[in-house]
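Undergrad: Before anything else, here's the structure in question.
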Amino acid sequence: FNGEFKVDPAKANGTLKVIMRFAGDDANKDFSDQYSQDYPTNVGNFDNIHVTASQVSLSGWHASTQAGNKPYEWLIVLDNNGQELYRQEITDKGLGRNDVQNVYPYIEGANKSGFQIMIPTQENMLHKVVKIINRLTDDLAGNGNYIDIVSGPVSILSGAQTEGRKTTTYNDNGQIVAVYNDAEVISQLPELPTGCEITAVTMMLRYAGYDVNKVQLANIMPRSNNGDYGFVGNPFSPSGWWIFPTGIAPVVDRFVGHHEIMTGASMQRIQDKLKQGHLVVAWVANVNGFVNHALALTGYDAGRLFYNNPWTGRKESMTYSEFYQHWNADRQRAISY
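Each residue of the sequence shown is one higher than the one before, counting from 274 in my numbering.
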């Protein structure tokens, strides 16, 4: 058989399907149907999406039976909650797409449905997972009567992003959920059997870019019979004792030019330092069998703190509750810069 019928494009939306029916005279009873394939009336694709910190480049196509009275084409960016973040009119449109015409010959204009556009990476979309809309509309401002195609999730530098030796992980809404500073781990052994604090500070300063070593810093570290003013005893000896944040601060000052005592700091303050790429040296008790020990905190995630341990010479981690148990037992002492 062969037949032809007209369809008003304005009424052709959704998915069309043709029924071939064998029936009695009124075609409503005593019939047998054969269904055609689906014929979508609004189709498109974002073929290429390239994201950098400064711009997003996109190209693709959008063909619709309802495009005839919609001369304007817009690109709209939505966040994970459907909130609009940005929109820009697409002017480089109507590009040749014979491949689309071959697949959708029944959609008028499919052969010129291509588009490409470059938009700035806005601050409000950075590090988020977004959805992108291509909109055909009769309104100059991109509203009015319109028909859309929507991309899948698009990462605008979300997830784990590494810059230098720091990795920052963002959730889909652009919030930082984890930070890790891949600082060199240095063992205090064998030279400094009781020099955990100055070894942890050495790791902090080396990660900050200063060419120092643990023995050099141990030699210039103040000495005192009060840990708040200098090291008590000899860090090169197994019988040495300790030094506290205010006592070791002059070593940090000598290279960085300033220090920040973090004793009693909130976890938010500690995490903020780690976000900035600044390690935090924390004093803890009852770790590795010591009543006083120091660790170089390097990062965090939802459940754990990460640190370099001068005694084991390893990168390690502990839960927040474990950290507070040990940190509280050493008066929540800490230092950064």
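Beta carbons are placed, not taken as given, at the ideal position from N, Cα and C, and that holds for glycine.
Shortest alpha-carbon distance to Y610 belongs to which of A433, E396, R479 and A336?
TA: The option with the nearest alpha carbon to Y610 is R479.
Undergrad: Identify every residue that forms a DSSP beta bridge with Y345.
TA: According to DSSP, Y345 bridges with T410.
Undergrad: For A607 and Y502, what's the separation of their Cα atoms in angstroms?
TA: Their Cα atoms are separated by approximately 15 Å.
Undergrad: Tell me the DSSP secondary structure of D299 in three-state form.
TA: DSSP places D299 in coil when its eight states are reduced to three.
Undergrad: Of the choices D545, G297, K404 and L289, whose alpha-carbon is the least far from that of Q310?
TA: With distances taken between Cα atoms, Q310 lies closest to L289.
Undergrad: Closest by CA to R438, which one among S431, I449, S424 and N454?
TA: For R438, the nearest C-alpha among the options comes from N454.
Undergrad: Based on DSSP bridge pairs, tell me the residues matched to Y597.
TA: None; Y597 has no bridge partner.
Undergrad: Under a three-way DSSP split, which group does R527 fall into?
TA: Residue state, collapsed to three classes: helix.
Undergrad: Should N375 go down as buried or exposed, given a rule of 16 or more other Cβ atoms within 10 Å for buried?
TA: So N375 ends up on the exposed side.
Undergrad: If I'm right that G537 touches Q605 with Cβ under 8 Å, what's the distance once you round it to whole angstroms?
TA: 5 Å between Cβ atoms; contact.
Undergrad: Of the choices G287, N301, D545 and L570, whose alpha-carbon is the least far from that of W256?
TA: Residue 256 is absent from the structure shown; the chain starts at 274 and stops at 610.
Undergrad: Compare the beta carbon distance of V403 and V427 with 8 Å and say whether it is the shorter of the two.
TA: Yes, the Cβ-Cβ distance between V403 and V427 is below 8 Å.
Undergrad: Go ahead and pull the three-state DSSP assignment for P313.
TA: Correct three-state label for P313: strand.
Undergrad: DSSP three-state label for T472, please.
TA: It is helical.
Undergrad: Could you check what DSSP says for L430 in three-state terms: helix, strand or coil?
TA: Coil, per DSSP.
Undergrad: Measuring only the C-alpha atoms, how far is Q489 from V474?
TA: Going from the Cα of Q489 to the Cα of V474 covers about 12 Å.
Undergrad: Report yes if the CB atom of L331 is closer than 8 Å to the CB atom of Q389, and no otherwise.
TA: Going by C-beta atoms, L331 is nearer than 8 Å to Q389.
Undergrad: Classify N454 as helix, strand or coil using the three-state DSSP reduction.
TA: Note: N454 maps to strand in three-state DSSP.
Undergrad: Please state whether DSSP places V485 in a helix, a strand or coil.
TA: Here V485 sits in coil by DSSP.
Undergrad: How many whole angstroms separate the CB atoms of A336 and I380, which I take to be in contact at a CB cut-off of 8 Å?
TA: Indeed they touch by this definition, with Cβ atoms about 5 Å apart.
Undergrad: If you drop the 5 nearest sequence neighbours on each side, which residues of the same chain put their C-beta closer than 6 Å to that of A567?
TA: So the list reads C469, E470, A473, V554 and W556, once near-sequence residues are dropped.
Undergrad: For Q541, does the three-state DSSP call read helix, strand or coil?
TA: Residue state, collapsed to three classes: helix.
Undergrad: Of all the options N354, G387, R360 and Y345, which has the alpha carbon lying nearest to the alpha carbon of Y419?
TA: Of the candidates N354, G387, R360 and Y345, the one whose C-alpha sits nearest the C-alpha of Y419 is Y345.
Undergrad: On the premise that W347 lies in contact with R408, defined as a C-beta separation below 8 Å, what is that separation, rounded to the nearest angstrom?
TA: Right, the Cβ-Cβ distance comes to about 4 Å (below 8 Å), so this counts as a contact.
Undergrad: May I ask you to list the residues that DSSP assigns as paired with F509?
TA: Answer is none; F509 lacks a bridge partner.
Undergrad: Any idea what DSSP makes of D372, helix, strand or coil?
TA: Helix.
Undergrad: What three-state label does DSSP hand I363 in the structure shown?
TA: DSSP places I363 in coil when its eight states are reduced to three.
Undergrad: Please state whether the Cβ-Cβ distance between Q448 and T394 is less than 8 Å.
TA: Cβ distance not < 8 Å, so Q448 and T394 don't count as in contact.
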